[in-house]
Amino acid sequence: MSETRPLCINAVVNLSDRTVELIETPEEVLRKFVGGRGLNMYYLYKYLKPQSDPLSPDNVLIIGTGLLTGTLAPNTGRHNVTCKSPESGALGDANIGGFFGPEMRFAGIDRLIILGKADKPVYLYLEDGKIEIRDATPYWGLTTNQTEIQLRRDLGSDIEVECIGPAGENLVRFACTRSGVKNAAGRCGTGAVWGSKNLKAVVARGTRGIPIHDPQGMLQKFIELRDYITKSKMIATLGRVGTPLLYDVSNYLGAIRTHNSQQTVFFDTLNAEEVHKYVLKMLSCYGCVVHCRHRNSYGGEGPEYTTEVLLGANIGVADTGQMIDLNNIANDLGLDVSSLGTYIAWAIELFERGYLDEKTAGRFLRFGDYEMSKELIYDIAYRRGFGDMLAEGSLLVDKFGPETADFLIAVKGIPQSDPHDVRYLKAFALGIATSSRGADHLRSRPTLEILDLPAEFTRQIYGGPIDPNPTSYNTKGRVVTYTETILAVVDCVGICKFICHLWNSPHNLNYDHYRELIKLATGLEFSKEELVEVGRRVVDQERLINYQEKGITRKDDTLPARYFDEPMPSARAKGSHIDRQGFDKMLDEYYELHGWDKEGMLPPERVAELNKLRDL
Amino acid sequence: MIVKQKQVYCRPALCTACRICANACAVVHEGVANPRLGRITIRRNAFERYEFQELCRHCEEAPCVDACMVGCIEKDDETGIVTNDDRCVGCWMCVMVCPYGGIKRDVVKQMAIKCDQCKDIGDPVCVKVCPTGALVYEEREDAPEEPFFTGPTVA
Chain A
1 MSETRPLCIN AVVNLSDRTV ELIETPEEVL RKFVGGRGLN MYYLYKYLKP QSDPLSPDNV
61 LIIGTGLLTG TLAPNTGRHN VTCKSPESGA LGDANIGGFF GPEMRFAGID RLIILGKADK
121 PVYLYLEDGK IEIRDATPYW GLTTNQTEIQ LRRDLGSDIE VECIGPAGEN LVRFACTRSG
181 VKNAAGRCGT GAVWGSKNLK AVVARGTRGI PIHDPQGMLQ KFIELRDYIT KSKMIATLGR
241 VGTPLLYDVS NYLGAIRTHN SQQTVFFDTL NAEEVHKYVL KMLSCYGCVV HCRHRNSYGG
301 EGPEYTTEVL LGANIGVADT GQMIDLNNIA NDLGLDVSSL GTYIAWAIEL FERGYLDEKT
361 AGRFLRFGDY EMSKELIYDI AYRRGFGDML AEGSLLVDKF GPETADFLIA VKGIPQSDPH
421 DVRYLKAFAL GIATSSRGAD HLRSRPTLEI LDLPAEFTRQ IYGGPIDPNP TSYNTKGRVV
481 TYTETILAVV DCVGICKFIC HLWNSPHNLN YDHYRELIKL ATGLEFSKEE LVEVGRRVVD
541 QERLINYQEK GITRKDDTLP ARYFDEPMPS ARAKGSHIDR QGFDKMLDEY YELHGWDKEG
601 MLPPERVAEL NKLRDL
Chain B
617 MIVKQKQVYC RPALCTACRI CANACAVVHE GVANPRLGRI TIRRNAFERY EFQELCRHCE
677 EAPCVDACMV GCIEKDDETG IVTNDDRCVG CWMCVMVCPY GGIKRDVVKQ MAIKCDQCKD
737 IGDPVCVKVC PTGALVYEER EDAPEEPFFT GPTVA
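Sequence lines, in order, name chains A and B.
The first sequence begins at 1 in the working numbering and counts up one residue at a time.
The second sequence begins at 617 in the working numbering and counts up one residue at a time.
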C-alpha cells in the first residue's frame, strides 16, 4: 500500500482559544532531535516562555511519540510527556509505555503540544487526523481507572486513554500522567500540569497505518532481534518475575533505601518470589517481547521494584500484600510512587526528629504503619489536612526550614526514583546527581561497568579505559556520559530501555540496531556518529532549559547530604559514603566529556546552535 | 469434503497482549503498521482482565462463503484455506455471520480484512513473530481445550 504520511505531525492545541493547528517537523530538525524525548525538548524550548509558573496557562504540555513508536521494531510502545515541572521548577519529563503512544500515531498525530488553559474540564479526542476538544465534566473527580473504564463505556472499547486522577486535578505537585492500569509517566509532576490546564484525558482511536519503508526487511529484522533479545538470561528473568528481581540483589549488598535511607537492609518479604505469590499473569506493553508487567491478585498491576521499596521498605511496610495494596491505590489516584514514598518517609523522619508535631501532621507518624500510610496517600491526593501540605512536595523545605532538606532524598527538588542507595556505587551516584530531571536513575543508570567484563571490551564500549571498581571515583564520568547519551537516543526513538545496550546487558540493542531499524521503518539513514550526536544534543538542550528556568549549574549537581555525610550502616556496603573530593573529581570529568565548563555551563557555540534551531 | 489441514491455534494463557502478531500481519500484508489492519485481533481489556485472540478458523463449512453476495470468498478444496479477493464491496455480511470474529473491516479501503494463512509467503507471519509461543501452526486431530490461565508465569 503506497500510503504516504509525513514522519512527524505535531498538533498545537490551544485550550484557551480552543484552536488546533497541525504542523510538520522540518526534516532538518527531525534529523537533529529524531523524535520522542528529543523533539519534546526542542518544542518545549521553542514554546515555553522563560520563567513561566509551571501551574499557569503559560506552561507547555507536550505528549510526543518516538520515531519508531508503534512500528514493528521491538518494544516500541513508548512516548514522552514533557513540561516544566511543578515539583522542581525545572525540566519535567517522563517516559511512559503501554498502548497509548502507538494509538496516537495510528490516529495520525505524532505529538501534541498543549498550550493555555480550558475554562472547564475537557478531554481531547483524536481520530484519524482530527482533534476535538470535548467536555470532560462527567469524568472530573474520577480516579484514573474509573476514568478509563467510563470513557470506554461511552466511546467504545477500542480506544486508548491517557489521563489524570484526583491527584492531578488537585494539583498535587507529584501527580503523574496515567494510561492503562499501571503505565505512568510518573516523574516530575506532569499530572499536575494536566490538572492546571483543566485537561482530564486524551483519547485516541486510530485506523490509519504508519507506512513502513521496507515491510519484509522489517519483519526479518524483528524476528532476528526478538530471538537475540530473548536469548538473554536477564531478559528471560525480567519476563518471568519483573523488576522485583533487583530487590534481593540490592538487599544482599545492603543498599535498599529503608526508613528514609537511615537503614539499608530490609525484610525478605519483598523478594521477587514473595511478590510473585500475588501475581496472576505477566503482561506486555505494545510490541514488547519482554513482558515484565504483573497483573496482581489485588485488582491492579505491578508492583515494580521501585514501588515495592518506596511504598514498602522506605516507609517500613514489610507485608507484601499491604505493599501491593498501596501500589494499586497510588496508581489509581495518579500519584508518582517514587516521590510519594520518599515524601512520606521524609515526613516520618521529620516527625521523629521533632520538626513536625502531631498537631501539624494530624496523626502520629511512624515507620511501618500501613493504615497511616494509606490514609496519608488518600489525604495527599485529595489535599486534605496534612496531606494538603505534603502535596506541595519538595517546596515544603521552605516551610519546614532549610535544615530539613538534609533529610530529603532528592536532587534539584525531585526525590530519588531508584530504590538503590547510591552511596556504594559511585557512578550511579554521579548519574542521579547530574540527571536533567532531578534524582533519577532512568537518565543514565550506569551499573554495567562493575561486572567482570574484559578490560578491552569495556574500553571499546565506553571509548576509553574504565575502572571496574564500584567504589572508585575514577573514570565514572565517562561511564555516566556514555549511558546518558545512549538512553537519550533510545527515548528519542521510542524503544523501551529494558532492551537497550548497557541497561542490563552489554548485548542489548545499540546504535547500529537503531540505525537499521530507523532505516527499515522510515527510510531515513543515520550514521552512528549522527545518533550519538543526537543524544548529546538532547542532553545539552535539557541542560539549557534547566539553566534558563532555574539557573541550574554545578551547585545543583549534588546529592542529598545523607549520602555524603553518613556511612551506610549494614551488610556488604557498610561504611560506604560519597567523598566530597571524589565526587568533585567525577563531576569535573563528566563536564569535560560533555564539553561544558567547570560550572557545568554549555559552551556559547552550542547555545547559539540550539537557539538557531529553535528560531527556524 | 473435509480436508485435514494445518491451522493457527491460540494458547490464551501464554498471550501477553503485545499485539505483535496483528501488527506484523498488517506490515506484511498492507505495508503499514497498525494492529487494527492485521487479520488477527487481540482484544485486550486491562480493567476487565482479558486478552482474547480472534482469528479465522478456515471453517469446514464456512458461513462467510455463503454470505458473500459478490462471491469473492472461497474455500480451496485442496488446502482448505478460505480466502477473499478485491472484488469485495464492503457489505460486511461476512463480518456479521462469522461466529468467531475472524473477519475485520478496513473502513478506509471499504474491504473486508481476512486471513489467508499467508499461503503465498510461507508459514503464517503471526505465528512466526509471536514472542511467547501463544500462537502455534499445526495439524491437530482434536483441538485440546487451552486454559486461560496456567499459573503465575508466562512462557
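C-beta: ideal position from N, C-alpha, C; glycine also.
- When secondary structure is reduced to three states using DSSP, LEU67/A falls in the coil class, being assigned neither helix nor strand.
- Taking 8 Å as the upper bound on Cβ-Cβ separation, chain B lies near residues MET282, LEU283, SER284, CYS285, TYR286, GLY287, CYS288, VAL289, HIS291, ARG295, GLU301 of the segment 282-314 of chain A.
- Boundaries for LEU126/A: no alpha helix (DSSP H) harbours it, while the beta strand (DSSP E) harbouring it runs 122-127, taken from the DSSP string.
- Ranked by Cα distance from GLN416/A, the first of THR306/A, ALA347/A, TYR424/A is THR306/A.
- DSSP places GLN263/A in no beta strand (DSSP E); its state is neither H nor E.
- Chain order gives the chain B residues near PHE222/A as ILE636, ALA640, VAL745, where near means a beta carbon separation below 8 Å.
- Per DSSP, TYR370/A is not a residue of any beta strand (DSSP E); the alpha helix (DSSP H) it occupies stretches across 370-381.
- Listed in chain order, the non-local C-beta contacts of ALA330/A below 7 Å within the same chain comprise LEU311, VAL337, LEU340, ILE377, local neighbours out to five positions each way being set aside.
- If only complete runs of 4 or more residues are kept, the segment 387-474 of chain A shows the alpha helix (DSSP H) at 396-400, 426-434, 455-462, in order along the chain.
- Of the residues ILE133/A, ALA136/A, GLY165/A, SER157/A, the one whose Cα lies closest to the Cα of THR143/A is GLY165/A.
- Only residues of its own chain outside the window of five on either side were considered, and among them CYS680, ALA683, CYS684, ILE689, ILE719, ALA728 have a CB closer than 7 Å to the CB of CYS710/B, listed in chain order.
- A straight line joining the alpha-carbon of GLY66/A with that of GLY287/A spans about 14 Å.
- Only those residues of the segment 83-117 of chain A whose C-beta falls short of 7 Å from the nearest C-beta of chain B are listed: PHE106.
- If you compare the alpha carbons of ALA561/A, TYR424/A, SER436/A, LEU613/A with that of PRO569/A, the shortest gap goes to TYR424/A.
- When DSSP reads this structure, GLY92/A sits in a beta bridge with CYS83/A.
- In the structure shown, the three-state DSSP call for ALA204/A is strand.
- The Cβ-Cβ distance between GLY523/A and HIS213/A falls below 8 Å.
- A direct Cα-to-Cα measurement between PHE364/A and GLU358/A gives close to 6 Å.
- Residue-level contact by beta carbon fails for GLY738/B and chain A, as no gap is shorter than 8 Å.
- Sequence-ordered contacts of the segment 648-673 of chain B with chain A read VAL648, ALA649, ASN650, PRO651, ARG652, LEU653, ARG659, ARG660, ASN661, ALA662, PHE663, GLU664, ARG665, GLU667 [C-beta pairs closer than 9 Å].
- Looking at the DSSP output, TYR666/B bridges to ASN661/B.
- For VAL711/B, no Cβ of chain A is located within less than 8 Å of the residue's own Cβ.
- Bounds of the beta strand (DSSP E) holding VAL20/A are 19-24.
- Contact between the segment 261-281 of chain A and the segment 315-327 of chain A is present: three or more C-beta pairs spanning the two stretches fall below 8 Å.
- Nearest CB-CB separation between ALA633/B and chain A: below the 8 Å threshold.
- For GLN51/A, the secondary structure class from DSSP, reduced to helix, strand or coil, is coil.
- Residue environment for THR19/A: exposed (fewer than 16 other C-beta atoms within 10 angstroms of its C-beta).
- Among the residues facing chain B, ARG478/A is not included, as its CB has no counterpart in that chain under 8 Å away.
- Selection SER576/A, GLY38/A, LYS200/A, THR190/A evaluated against LEU15/A yields LYS200/A as nearest (Cα-Cα).
- C-alpha of LEU333/A to C-alpha of ASN145/A: approximately 8 Å in a straight line.
- The C-alpha of ASP17/A is placed about 11 Å away from the C-alpha of ILE133/A.
- Counting the other CB atoms within 10 Å of its CB gives ILE737/B a total below 16, which places it among the exposed residues.
- Here the segment 578-586 of chain A makes no contact with the segment 628-639 of chain B; the two share fewer than three CB pairs at distances below 8 Å.
- Against chain A, a Cβ distance below 8 Å from VAL644/B picks out PRO215, GLN216, LEU219.
- Taking CB atoms only, VAL411/A has no neighbour in chain B less than 8 Å away.
- Counting along the chain, no alpha helix (DSSP H) covers LEU280/A; the unbroken beta strand (DSSP E) around it starts and ends at 279-283.
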